[in-house]
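Report on one structure; see the data block that follows.
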Amino acid sequence: MNRRDFFWTTSAAASALFLSGRWSHGMILDRETIQKNVARAKLRFATYWGRLFPAENDRDRLKKMRELGMEAIEISGNGEALKEKLPMFRDEGFVVCSISVGSGGATIVSEDPSRRPAGIDAAKKALENAGFFGAKAVIYVPAFNGATKLPPVEIRKILMDTLPMLGEFALQHNTCLVMEPLTRNESWFLRQVADAAQIAKDTGSEGIGTMGDFYHMASEEPSDMGAFIAGGKYIKHVHLGNGPQPPRRTLPGEDDRPFVDGFRGLKYIGYDRFCSFECGVHAPDKFEAVKRSIAFCKSEWEKADVWGC
Ligand code: MG
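Next up, the structure:
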């Protein structure tokens, strides 16, 4: 081993170990695998339907999204209301990448067992609709703060009893139920990517995953790169947004929140799914602001060198 390889091997392993903080998911990979992952990784943009910038009509919105280089649409809710738009989305060359169903009132983990079946049915409906759209992720928040009186240990037990079945149901519809960790202001139960990845792993189902939202990660993760490496194969989606400084959760590039560290982690794990804008736009010309933000993200992606790979 020459000096460069020795340095590369030791620094890569040590950094990944240090940053991931957990051995159970974090992949300490050999250089060849990292090189393949970096080559596979892509920065692909999406956003919630109807948000970010104004448009005259649906076709105009899709035209502007295409001009920005966006490829996919994220849907808020269970997707039912937008089913009739799918032919138009496809006609314009877009895919629906994800459905964000929220917590469904946290009924799956309600302290009242009689409410839980309704939560399960709501999750199944969103998963079915994801199958209809061809969306690969249904984003799910197990418990917002105050939504259930149960302690975290009990919430986790219920999830372990429920998610394996929902994961298999998701696979039947060619999608995945993706738990989203949030800032502690919104959910103390699930704040960090590694924790969500462990829950996904414990379910034993490939139909359960997690994701990283740069906005929430700014408050909860000591390292964006470490978080994504720890999440590893369980990372099924990414949300783009700035940090918590006022005006919080605005476009990437509009404050000093860096993205290089996180993008380096996404390259390390070979992430090639979508990064979806989930943030506000405060500039007067919203379309031009999004364009600047996309240029910023691309620049950060280019800077995200993974140890020379
Ligand atoms: Mg989010």
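Mapping the sequence shown onto this note's numbering, position 243 (from 1) lands on 232, and the numbers just tick up by one. Backbone N, C-alpha and C define an ideal beta-carbon position, used for all residues, glycine too.
N- and C-terminal bounds of the beta strand (DSSP E) containing S65: Per DSSP, S65 belongs to the beta strand (DSSP E) from 59 to 65.
Secondary structure, beta strand (DSSP E): runs of 3+ residues fully inside the segment 43 to 117: The segment 43 to 117 contains these whole beta strand (DSSP E) runs: 59 to 65, 84 to 91.
Nearest neighbour of V227, chosen from V279, V127, L51, N26 [CA to CA]: The closest CA to that of V227, considering only V279, V127, L51, N26, is found on V127.
CA-to-CA distance, A216 to G254, given in whole angstroms: Straight-line Cα distance between these residues: approximately 8 Å.
N-terminal and C-terminal residue of the beta strand (DSSP E) that D202 is part of: It spans 197 to 202 - the beta strand (DSSP E) in which D202 sits, taken as one unbroken run.
Under the three-state DSSP convention, the category R262 falls into: Coil, per DSSP.
Reduced DSSP secondary structure (H/G/I, E/B, other) of L41: Residue state, collapsed to three classes: coil.
Local conformation of I17 per DSSP, three classes: Assigned with DSSP and collapsed to three states, I17 falls in coil, not helix or strand.
E169 and V130 closer than 8 Å at C-beta: Yes. Within cutoff.
Rounded Cβ spacing between S265 and E69 (contact assumed at less than 8 Å): That belief does not hold up - the Cβ atoms of S265 and E69 are roughly 20 Å apart, past 8 Å.
E169: CB within 7 Å of a non-hydrogen atom of the ligand MG: It does: the Cβ of E169 is within 7 Å (strictly closer) of some heavy atom of the ligand MG.
Reference F83; option with closest CA among R33, F158, E210: That would be R33, whose Cα lies nearest to the Cα of F83.
Euclidean distance between Cα positions of D357 and G201: As shown, the chain starts at -10 and ends at 298. That puts residue 357 outside it, with no answer to give.
H226 (DSSP reduced to helix, strand or coil): Of the three classes helix, strand and coil, the one that applies to H226 here is strand, per DSSP.
Helix, strand or coil at L179 [DSSP, three-state]: For L179, the three-state secondary structure derived from DSSP is coil.
Whole-Å CB distance - L171 paired with L155, under 8 Å assumed: No, L171 and L155 are not in contact; Cβ-Cβ is about 19 Å, not under 8 Å.
Beta-carbon spacing of A136, S208 below 8 Å: Contact: no.
Closer than 8 Å to chain B by CB, L240: Protein chains in the displayed structure number just one, and chain B is not present.
Inter-residue Cα distance where the pair is D245 and G232: Cα atoms of D245 and G232: separation of roughly 8 Å, rounded to the nearest angstrom.
Check: H271 C-beta below 7 Å from any heavy atom of the ligand MG: Because no heavy atom of the ligand MG lies under 7 Å away, the Cβ of H271 does not count as near it: no.
Straight-line gap, T199 to F133 (C-alpha atoms, nearest Å): Taking the Cα positions, T199 is about 16 Å away from F133.
Proximity winner among R238, D213, Q161, I258, relative to A119 (alpha-carbon distances): The shortest C-alpha separation from A119 is found at Q161.
Residue of P236, G251, T192 minimising C-alpha distance to A219: That would be G251, whose Cα lies nearest to the Cα of A219.
A132, enclosing alpha helix (DSSP H) - first and last residue: Looking at the DSSP string, A132 is not in any alpha helix (DSSP H), and its letter there is neither H nor E.
Within 5 Å of the ligand MG: residues by beta-carbon to any heavy atom: In chain order, the qualifying residues are D202, H228, E267.
7 Å Cβ shell around P326 - same chain, five flanking residues per side excluded: The requested residue 326 is not part of the displayed model; the chain covers only -10 to 298.
Alpha helix (DSSP H) segment containing L255, residue limits: Run containing L255: 249 to 257, per the alpha helix (DSSP H) assignment.
Secondary structure of R29, DSSP reduced to three states: Reduced to three states, the DSSP call for R29 is helix.
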